[in-house]
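Working notes, beginning with the structure itself.
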C-alpha cells in the first residue's frame, strides 16, 4: 500500500514500478500529463497548494498506482490509475485483500450491534420470538429513512385485534418500555464511529463502557415503532403472536 506525501488521506495500491521513467521524462502522447513538458511540471502544478510546495523527487523512478475505494460498493467502477514519483511516497506492507476485508468491518459491527439490541429487547420486555431482522426493523425510527414500512402492516393488524381506544392506551404503555431499545442512527454500513482510542486498554474499555445515550423521541415515533413491532410479530407467527396484553 502506498500514500502520496502530496495527497494525504488517499490510499493507493502499487501496480508497477516504471524504472524507465523519472519525473524529468517527457509524458507520452495520450496521457493526462501530455500538456506539460515533463512529469515534474505536471506534478508541481497539480500538487502545489497555497501554503505548501509540491514535494517532487527527480532522481527516482515513477510508479503506477491505483486508488483504493473508501467503501465496499458493488457498483463501483474500475480503480483510477495514476503515475507518481516513488520517492514522494510512504509505504506499508499491507496486502490489498486485507485492506478490502477491513472495509466490511463497519457492516459486521452494525449487524452485531443490531442483533444484540433486538435480543435484549426481546428478553427484557418479554416479547414473543420475533425474528431478529424484523425486530431490528421495527425498533428503528422512521426518521432514519431506512425504507422499512412495518408500521403500515402493524396498523392493519392493530385494527383486527382491538378497538381504537384500547389500542392507543396499550401502544403508549408498551412504547414507554421499548423506548430505550430504539435507535435513531442511520443505517450507514460504511463507517463505524465507536472505536477504542489508541493507547487505551481494550479489555478495560469493553468491561466498563456503556454505549448508550439518552434521547427523547416524539410520541408519534414511539407509536410507529410499536405498530412496526406488531407487524413484525404478525410476519413471524401470524395474528396469534401479537404483543398487546
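Residue numbers (my numbering): 2 to 246. Note that the Cβ used here is the ideal one computed from N, Cα and C, for glycine as well.
{"Check": "Residue nearest to residue 183 in terms of C-alpha spacing, selected from 139, 24, 67, 130", "Outcome": "139"}
{"Check": "Rounded C-alpha distance that separates residue 80 from residue 20", "Outcome": "Annotation note: pLDDT 49 at residue 80 (below 50); position unreliable, no value reported."}
{"Check": "Delimiting residues of the beta strand (DSSP E) encompassing residue 137", "Outcome": "That residue, residue 137, is in no beta strand (DSSP E); its alpha helix (DSSP H) goes 133-139."}
{"Check": "Straight-line gap, residue 181 to residue 10 (C-alpha atoms, nearest Å)", "Outcome": "38 Å"}
{"Check": "Range covered by the beta strand (DSSP E) that runs through residue 21", "Outcome": "13-23"}
{"Check": "Residue 31 at chain B interface by Cβ criterion, 8 Å", "Outcome": "Considering every chain present, this structure includes no chain B. It has just one protein chain."}
{"Check": "Where the beta strand (DSSP E) containing residue 107 begins and where it ends", "Outcome": "Element bounds for residue 107: not the beta strand (DSSP E) but the alpha helix (DSSP H), 106-125."}
{"Check": "For residue 67, the residue or residues it bridges with in DSSP", "Outcome": "14, 82"}
{"Check": "Contact the segment 96-106 vs the segment 50-66: 3+ CB pairs below 8 Å", "Outcome": "no"}
{"Check": "DSSP three-state assignment for residue 166, whether helix, strand or coil", "Outcome": "Any reading at residue 166 is ruled out, since the residue's pLDDT is 44, under 50, leaving its predicted position unreliable."}
{"Check": "Inter-residue CB distance, residue 237 and residue 132 (contact presumed, cutoff 8 Å)", "Outcome": "5 Å"}
{"Check": "Spatial neighbours of residue 45 in its chain, beta-carbon cut-off 7 Å, leaving aside the 5 residues before and after", "Outcome": "55, 57"}
{"Check": "Beta-carbon contacts of residue 152 that lie in its chain and below 6 Å, excluding the five residues immediately before and after", "Outcome": "225, 228, 229"}
{"Check": "Close-in-space but distant-in-sequence residues of the same chain around residue 122 (CB under 8 Å, 5 per side omitted)", "Outcome": "128, 136, 140, 179, 182"}
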